[in-house]
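Notes to accompany the following structure.
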Amino acid sequence: MGVPTYSVRFESQDDFLVEYTDRLRHGQALLPLPKPLAPGTPVRLKVHLPDGQLLYILGSAIAPARPGDGDATPVRLGLTHEQKAKLEACVRGLMHHDEPEVTEPEPTGPIGESLGITVLLVDDSVSMRIELGDSLRAQGLRVRVADNGLVALSAALKRPPDVILTDVEMPEMDGWGFLRSVRARPSLAQIPVVFLTRLSDEMSRIRGYRLGVDDYLPKTMPAAEIVARLQGVLARRRRVEAEAVGSAGHGGMRGRLEHVRLGSLLAFLESERRSGALHVCQGSDAATLHLHSGTLEYVEGLGRFSHPNDRVFELLSWTRGDFELMPDLELPAAAREQPTTPLTYLLMEHARREDEAKAKAVM
Numbered sequence: 014m015g016v017p018t019y020s021v022r023f024e025s026q027d028d029f030l031v032e033y034t035d036r037l038r039h040g041q042a043l044l045p046l047p048k049p050l051a052p053g054t055p056v057r058l059k060v061h062l063p064d065g066q067l068l069y070i071l072g073s074a075i076a077p078a079r080p081g082d083g084d085a086t087p088v089r090l091g092l093t094h095e096q097k098a099k100l101e102a103c104v105r106g107l108m109h110h111d112e113p114e115v116t117e118p119e120p121t122g123p124i125g126e127s128l129g130i131t132v133l134l135v136d137d138s139v140s141m142r143i144e145l146g147d148s149l150r151a152q153g154l155r156v157r158v159a160d161n162g163l164v165a166l167s168a169a170l171k172r173p174p175d176v177i178l179t180d181v182e183m184p185e186m187d188g189w190g191f192l193r194s195v196r197a198r199p200s201l202a203q204i205p206v207v208f209l210t211r212l213s214d215e216m217s218r219i220r221g222y223r224l225g226v227d228d229y230l231p232k233t234m235p236a237a238e239i240v241a242r243l244q245g246v247l248a249r250r251r252r253v254e255a256e257a258v259g260s261a262g263h264g265g266m267r268g269r270l271e272h273v274r275l276g277s278l279l280a281f282l283e284s285e286r287r288s289g290a291l292h293v294c295q296g297s298d299a300a301t302l303h304l305h306s307g308t309l310e311y312v313e314g315l316g317r318f319s320h321p322n323d324r325v326f327e328l329l330s331w332t333r334g335d336f337e338l339m340p341d342l343e344l345p346a347a348a349r350e351q352p353t354t355p356l357t358y359l360l361m362e363h364a365r366r367e368d369e370a371k372a373k374a375v376m
């Protein structure tokens, strides 16, 4: 009698990613059979990969089955180097294309439940996971940990957290890839993602905001302050959802001026020829810059200024506050009749005025 063959299929790409992270990459599988196989029973698995490939993998049953597996039989796989490479290539392909099936979002639960906020902490440093994890638990948070983006994605798919706190530079799947994967999945897309990082250059931060990161926190920040910032991120996300406005679904971008100066942001928007309404606020003071293909069309909220350019120069001097780029509504006729202003001119003129002010201060 030959070795029995069992067909293994995955209902979705995400089911495959979870199974790969939990078992396949460790040379294991789980067969949901009506009756468990005896230990040492040889088996052959016909594995249907999401990329269309078929793998025939030899293995043997392991005993006893782990608690919670029911009648499922755990199997130790004899993966060849070629089979391991094909599994890894399939995972990389899914991460590169990231086109999951469209499903209804799963609720992540209201903020402030009796069990507290659940945080998924992602960092490849063992000491960071232990020390920060313990500190956050001491502050009343429920903390789950993962050592890279792929493991974190699997954990989030199985049990969506309230908020994700992740490092950027990690092996296997870094923070950028993890962020893209989260935002690409309807069941995870609305979960706030906060980067815990030493990154300080503005272009990296703009890249993060463009991909949908909610905030940046330095790794040296005390746990109590991290908790306060996470609560703020959750409250902001809840408010945005209530208004049915989300950056992930509308090509928007939001962030803090402490992380990205308005001048750098405007230079980026001009180079990308972006259009939309850029809301900028600092406390109770706020303005909206209406952009079209990277040029300034109209300014709302002139404050104490009569000319829009002077208001922009004031906004460029802000070092604190928040910004959000949203799809723009149709401008009034009077606004459409005004000439557009190149952002490069505004940035260069602001720099010239700052240089003059510094020169006068030295004299």
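The opening position of the sequence shown corresponds to residue 14 in my numbering, with each subsequent residue numbered one higher. The C-beta atom is built at its ideal place from N, Cα and C for all residues, glycine as well.
| task | Return helix, strand or coil for Ala370, following the three-state DSSP convention. | result | helix
| task | Over the uninterrupted beta strand (DSSP E) stretch that includes Gln26, give me the two end residues. | result | That residue, Gln26, is in no beta strand (DSSP E); its alpha helix (DSSP H) goes Gln26 to Asp35.
| query | Can you name the residues that DSSP bridges to Ala194? | reply | Strictly speaking, residue 194 in this sequence is Ser, with Ala absent from that position. Answer is none; Ser194 lacks a bridge partner.
| Whole-angstrom distance between Ile75 and Pro55, CA atom to CA atom | Inter-residue distance for Pro55 and Ile75 is about 10 Å (C-alpha atoms, whole angstroms).
| message | I'd like to know whether the C-beta atoms of Thr86 and Leu145 end up nearer to each other than 8 Å. | response | Using a Cβ distance threshold of 8 Å, Thr86 and Leu145 do not count as a contacting pair.
| query | What separation, rounded to the nearest whole angstrom, lies between the Cα atoms of Leu5 and Ile70? | reply | The question about residue 5 has no answer, for the chain in this structure spans 14 to 376.
| said: Does Ala280 come out as helix, strand or coil in the three-state DSSP assignment? | reply: helix
| query | Just checking my contact of Tyr229 with Arg220 at CB under 8 Å: how many whole Å lie between their CB atoms? | reply | No, Tyr229 and Arg220 are not in contact; Cβ-Cβ is about 11 Å, not under 8 Å.
| message | What does the alpha-carbon distance come out to for the pair Leu278 and Leu67? | response | Using only the alpha carbons, I get a separation of about 47 Å.
| query | Got a sec, what are the start and stop residues for the beta strand (DSSP E) Pro87 sits in? | reply | Thr86 to Leu90
| query | So, is Gly122 buried or exposed, given that buried needs 16 or more other C-beta atoms within 10 angstroms? | reply | With a pLDDT of only 40 at Gly122, under the threshold of 50, the placement of this residue in the model should not be trusted; the figure read from the coordinates follows. So Gly122 counts as exposed.
| said: Please classify His39 as buried or exposed, where buried requires at least 16 neighbouring CB atoms within 10 angstroms. | reply: For His39, the number of other beta carbons within 10 angstroms of its own is below 16, and it is reported as exposed.
| query | When we look at the beta-carbon of Thr18 and count the other beta-carbons within 10 Å, is it buried (16 or more) or exposed? | reply | Label assigned to Thr18: exposed.
| field | Residue from Arg57, Thr354, Glu367 and Arg269 whose Cα sits closest to the Cα of Arg249 | value | Arg269
| field | Close Cβ partners of Arg57 (< 8 Å) along its chain, the five nearest in sequence each way excluded | value | Val16, Pro17, Thr18, Tyr19, Tyr69, Ile70, Leu71 and Gly72
| task | Let me know if Asp147 comes out buried or exposed under the rule of 16 or more other beta-carbons within 10 Å of its beta-carbon. | result | exposed
| said: Taking 8 Å as the cut-off, does the region 155–168 touch the region 186–202 (at least 3 CB pairs, one atom from each stretch)? | reply: Counting C-beta pairs closer than 8 Å gives three or more between the region 186–202 and the region 155–168, which meets the contact rule.
| Is it right to say His320 is buried, meaning 16 or more other beta carbons lie within 10 angstroms of its own, or is it exposed? | exposed
| query | Since Gly72 sits in a beta bridge, which residues does DSSP pair it with? | reply | Val56 and Leu90
| query | What residue ranges within the region 311–361 form continuous alpha helix (DSSP H) runs of no fewer than 4 residues, ordered along the chain? | reply | 321–329 and 346–349
| message | If you reduce the DSSP assignment to three classes, tell me which class Ala290 lands in. | response | Three-state DSSP puts Ala290 in a strand.
| query | Taking just the CA atoms, how far does Ile177 sit from Pro385? | reply | Any property of residue 385 remains undetermined from this structure, which presents the chain solely from 14 to 376.
| message | If the criterion is Cβ atoms closer than 8 Å, does the pair Met266 and Tyr311 meet it? | response | no
| message | Do Phe336 and Glu327 have their beta-carbon atoms positioned less than 8 Å apart in this structure? | response | Result no, Cβ atoms of Glu327 and Phe336 do not sit closer than 8 Å.
| Residues bridged to Phe208 [DSSP beta-bridge criterion] | Thr179 and Tyr229
| request: Could you tell me whether the Cβ atoms of Ala184 and Asp136 are closer together than 8 Å? | output: Reading the sequence as shown, one finds Pro at residue 184 and not Ala. No.
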